[in-house]
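*Asks:* The C-terminal residue of the sequence shown carries number 476 in UniProt numbering, and the numbering is unbroken.
There's a structure below that I have some questions on.
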Amino acid sequence: MQAVVTRLRLDELMSAWVAGPDTPMQIGLLGVFDAGPFRQADGVVDLARVRAELAQRATRVAGLRTRVVWTRLGEGRPFWAEDPAFVPLDHVDVTTLPTGADLASWAVTRSATPLPPDRPLWRADVVGGLPGERFAVLLVVSHVLADGAAGIALLGSLLDHRPETAAPVVPPRTVAPLPSHRQLRRVRRHEIAEAVRRRRRRGAAGVRRRRGGGRQGLAQVRAALAEFAGPEPVTSLPRHIGPGRSLGVVPVPLPELLRTGHALGVTVNDLLLAAVATGLREYLTARGEAVTGLVLRATVPATTGHTDRQVGSMLVVGLPVGEPDAARRLALIHEVTTRDKARLRAASTDVADLRLPAPVARPFLRWARRFGSRRLTLAVTDVTGPPTPLWLAGARLLAAAPIAPMSAGVPLSVAALSYAGELLVTLNADAGLTDLDVLTEGTARGFTALREQAGLATGPTTGPTAGPTSEPTPAW
């Protein structure tokens, strides 16, 4: 019987190819939970029970049982396969936060610890030692397995929409062994023969369609490279990215932010970019650096209408850090994002449509990453999360913080995640970046200034490390 394999798509391989030892392409999701039913009589959280609960739930999620099989010469592109050696408890660890340690700083550094490539590409840490009878869970997922939105979906598959929900018991599974080298070579020969037959059936029209898609993909690449014309301005933000990390956290009430965007006629993503631009302006000014006329480039993920792949296109947005007027900064950002999103929608293709063979695509993408990183200062991503609360076997998820991966040579990675009425913004930087609190507080003030610009009453300011108003503040 002919073995059937599901090959990695080019967009999935891209995440593996551009990763480095200190910059793995891994997404972190940090959740703080109320102890709920995991609270023991002495008030201590039963972390071992939390671990067992997560491991049991992981068995029901197909994506968490699946690994990448990295192939040899003649076997074709790497492929996905259910791991016959999958043991969910091997993916879930328990740790206690040392006294006085900062949860956010621990979590962001832990997120940058590379995942083993020869088993399912995820890891969960159950964290104790938090104040107020709470615990945290850090879920780390490879970008090869999931992008930001898919990572949130994986987290949601481990949790419940109601507190009384019990995890279903998953019966034991029989998993087929991985294909042998001989079987994979046979599969590859079959794939090549099928590709030749398809090309013959499609004839000249099919060739023209493929060439047309390739030309549009090249046009997207040329347009992206044009955004990088000229070097990025030199600032004191460190471009050496080591294994250590620092994380700033800015919570923002989501209803207020939505009203602000509606009043100003802009998107939440525009507001996020404008607030970060304000934070960068304050940070550089506090360090005595000249900001007049300064524009710093940021990459922003953009959907292209393809439902069968991760986000394949990026906007390159120049943040007008040197513009002294906050309203003008927002207007400039909105103008650029509106124009470039329209261009992407009209294109209908992206770099994944180039159909480059792997021996060509891999060095090309690595060159593009090195070329681009020297002309970027930050990456910014915004992910929509669950609008209502989630639970883990009755323990409520109080707050959720995203941790975006860092790229070599790019000093800052900003991520925003909405959950249950709150937008939590994190600023991920190398541990060598000093005064991250100044940048974090400046970003928080940027959001406050936007609400004031919209004519909304600000009330008590929600500052960095503050949590949801309906619950005590999580210990970030």
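Backbone N, C-alpha and C define an ideal beta-carbon position, used for all residues, glycine too.
1) In its own chain, which residues sit with a C-beta less than 8 Å from the C-beta of Thr388, not counting the 5 before and 5 after it?
2) Quick check for students: name the residue ranges of the beta strand (DSSP E) that lie wholly in the region 364-442, counting only runs of 3 or more.
3) Would you mind sorting Trp367 into buried or exposed? The rule is 16 or more other CB atoms within 10 Å of its CB.
4) Could you pull the start and end residues of the beta strand (DSSP E) that Ile27 belongs to?
5) Near Leu397, which residues of its chain fall below 6 Å by C-beta distance, leaving aside the five closest residues on each side in sequence?
6) CB-CB under 7 Å to Glu75, same chain, minus the five flanking residues each way: which ones, in chain order?
7) Looking at Val321 and the ligand NAD, is the gap between the Cβ and the nearest heavy atom below 6 Å?
8) Taking all protein chains shown into account, do 16 or more other C-beta atoms lie within 10 angstroms of the C-beta of Ala104, making it buried, or fewer, making it exposed?
9) Figure out for me which residue from Thr165, Ala444, Thr278, Ala408 has the closest Cα to the Cα of Gly322.
10) If you follow the beta strand (DSSP E) that Leu82 is part of, which residue opens it and which one closes it?
11) Would you check if the distance between the CB atom of Val45 and the CB atom of Gly128 is smaller than 7 Å?
12) Are there three or more Cβ pairs, one per stretch, closer than 8 Å when the region 373-381 is compared with the region 269-288?
13) Using the rule of at least 16 other Cβ atoms within 10 Å of the residue's Cβ for burial, across every protein chain shown, is Pro88 buried or exposed?
14) Can you say whether Ala466 is buried or exposed, counting buried as having 16 or more other CB atoms within 10 angstroms of its CB?
15) Give the secondary structure of Val108 by DSSP, where H, G and I count as helix, E and B as strand, and everything else as coil.
16) When you compare only the Cα positions, how much space is there between Ala16 and Ala298?
17) Take every Cβ of the region 3-19, pair it with every Cβ of the region 46-56, and state whether three or more of those distances are shorter than 8 Å.
18) Quick test of your reading: Leu258 and Val268, contact by CB under 8 Å. State the CB separation rounded to the nearest angstrom.
19) So Pro168 and Arg49 are supposed to be a Cβ contact under 8 Å. How far apart are they, rounded?
20) So, for Ala331: in the same chain, excluding its five sequence neighbours on each side, which residues have a beta-carbon less than 6 Å away from its beta-carbon?
21) Which residues mark the beginning and the end of the alpha helix (DSSP H) in which Leu130 is found?
22) Whole angstroms is fine: what's the gap from Pro468's alpha carbon to Pro177's?
23) Helix, strand or coil for Leu47 per DSSP?
24) Inspect the CB distances between the region 139-157 and the region 62-74 and report whether three or more fall short of 8 Å.
25) Alpha carbon to alpha carbon, how far is Pro172 from Gly43? Give it in angstroms, no decimals.
26) Where does residue 559 fall in DSSP's three states?
27) I'd like the list of long-range same chain contacts for Pro460, defined as Cβ closer than 8 Å, with 5 residues on each side in sequence excluded.
28) Note the first and the last residue of the continuous beta strand (DSSP E) segment covering Gly318.
29) If we count the other Cβ atoms within 10 Å of its Cβ and call it buried at 16 or more, is Gln26 buried or exposed?
30) Does DSSP put Leu10 in a helix, in a strand, or in coil?
31) Tell me whether the beta-carbon of Leu272 lies closer than 7 Å to the beta-carbon of Ala454.
32) Can you look up Val196 in the DSSP assignment and give me helix, strand or coil?
33) Could you tell me the distance, in whole angstroms, from the CA atom of Ser236 to the CA atom of Leu436?
34) Let's test the definition: count the other Cβ atoms within 10 Å of the Cβ of Arg451 and tell me whether it reaches 16, buried, or not, exposed.
35) Kindly indicate which three-state DSSP category Leu296 falls into: helix, strand or coil?
36) Since Ala302 sits in a beta bridge, which residues does DSSP pair it with?
*Replies:* In short:
1) As a working mapping, residue 388 is identified with position 388 in the sequence shown. Result list for Thr388: His161, Ala420, in chain order.
2) 378-383, 395-403, 412-419, 422-430
3) As a position in the sequence shown, residue 367 is number 367, starting the count at 1. Burial call: exposed.
4) Along the sequence shown, read from residue 1 onward, the residue named residue 27 stands at position 27. Taken as a continuous stretch (DSSP letters only), the beta strand (DSSP E) holding Ile27 covers 26-34.
5) Working through the sequence shown from its first residue, we reach residue 397 at position 397. Same-chain partners within the cutoff: Gly31, Phe33, Leu390.
6) Along the sequence shown, read from residue 1 onward, the residue named residue 75 stands at position 75. Correct list, in chain order: His181, Leu184, Arg185, Arg188.
7) Judged by which ligands are present, the structure shown has none, so any question about the ligand NAD falls away.
8) Start at 1 with the first residue of the sequence shown, and residue 104 comes out as number 104. It counts as buried.
9) Along the sequence shown, one-based indexing puts residue 322 at 322. For the residues Thr165, Ala444, Thr278, Ala408, the minimum Cα distance to Gly322 belongs to Thr278.
10) Taking the first residue of the sequence shown as position 1, residue 82 is located at position 82. The question names Leu, but residue 82 in the sequence shown is Glu. Unbroken beta strand (DSSP E) run through Glu82: 79-82.
11) As a first step, residue 45 must be located in the sequence shown, where it is residue number 45. As a first step, residue 128 must be located in the sequence shown, where it is residue number 128. Yes, they are a contact pair.
12) yes
13) Working through the sequence shown from its first residue, we reach residue 88 at position 88. When all chains shown are included, Pro88 counts as buried.
14) In the sequence shown, counting from the first residue as 1, residue 466 sits at position 466. With a pLDDT of 37 at Ala466, under the threshold of 50, the modelled position of this residue cannot be trusted; read the value that follows with caution. It counts as buried.
15) Taking the sequence shown and counting its residues from 1, one reaches residue 108 at position 108. DSSP places Val108 in helix when its eight states are reduced to three.
16) In the sequence shown, residue 16 corresponds to position 16, counting from 1. In the sequence shown, residue 298 corresponds to position 298, counting from 1. C-alpha separation (whole angstroms): 22 Å.
17) no
18) Here the question's residue 258 lines up with position 258 in the sequence shown. Here the question's residue 268 lines up with position 268 in the sequence shown. Going by Cβ atoms, the distance from Leu258 to Val268 rounds to 7 Å, so yes, they are a contact pair.
19) On the sequence shown, residue 168 is found 168 positions in, with the first residue counted as 1. On the sequence shown, residue 49 is found 49 positions in, with the first residue counted as 1. With 8 Å as the limit, Pro168 and Arg49 do not qualify as a contact, their Cβ atoms being about 18 Å apart.
20) In the sequence shown, counting from the first residue as 1, residue 331 sits at position 331. Correct list: empty, nothing qualifies.
21) For the purposes of this step, residue 130 is identified with residue 130 of the sequence shown, where counting begins at 1. Where Leu130 is concerned, there is no enclosing alpha helix (DSSP H), although the beta strand (DSSP E) it sits in stretches over 122-130.
22) Position 468 of the sequence shown, counting from 1, holds the residue named residue 468. Position 177 of the sequence shown, counting from 1, holds the residue named residue 177. Its pLDDT being 37, under 50, Pro468 is placed unreliably by the model, and the measurement read from it follows with that caveat. One C-alpha to the other measures close to 47 Å.
23) Position 47 of the sequence shown, counted from the start, is the residue given in the question as residue 47. Looking at Leu47 - three-state DSSP - the assignment turns out to be helix.
24) yes
25) The residue you call residue 43 lines up with position 43 of the sequence shown. The residue you call residue 172 lines up with position 172 of the sequence shown. Taking the straight line joining both Cα atoms gives about 35 Å.
26) Coverage of the chain is limited to positions 1 through 476, which leaves residue 559 absent and any answer about it impossible.
27) Within the sequence shown, numbered from 1, the residue matching residue 460 stands at position 460. Per-residue confidence for Pro460 stands at a pLDDT of 47, beneath the threshold of 50, marking its modelled position as unreliable; the derived number appears in the next sentence. Closer than 8 Å at Cβ, skipping near neighbours: no residue.
28) Looking up residue 318 in the sequence shown gives position 318. From DSSP, the beta strand (DSSP E) with Gly318 extends over 313-319.
29) Sequence index remark: in the sequence shown, residue 26 carries index 26 (1-based). Its Cβ being crowded by 16 or more others within 10 Å, Gln26 is buried.
30) By 1-based counting over the sequence shown, the position of residue 10 is 10. The answer is helix: DSSP assigns Leu10 an H, G or I state.
31) Here residue 272 refers to the residue found at position 272 of the sequence shown. Here residue 454 refers to the residue found at position 454 of the sequence shown. Contact flag unset, no.
32) To locate residue 196, count along the sequence shown from 1; it is residue 196. In this structure, Val196 counts as helix in the three-state DSSP scheme.
33) As a first step, residue 236 must be located in the sequence shown, where it is residue number 236. As a first step, residue 436 must be located in the sequence shown, where it is residue number 436. Their Cα atoms are separated by approximately 12 Å.
34) Residue 451 sits at position 451 when you count from the first residue of the sequence shown. With 16 or more Cβ atoms within 10 Å of its Cβ, Arg451 is classed as buried.
35) As a position in the sequence shown, residue 296 is number 296, starting the count at 1. Looking at Leu296 - three-state DSSP - the assignment turns out to be strand.
36) Here residue 302 is taken as the residue at index 302 of the sequence shown, counted from 1. In DSSP, Ala302 forms a bridge with Ser313.
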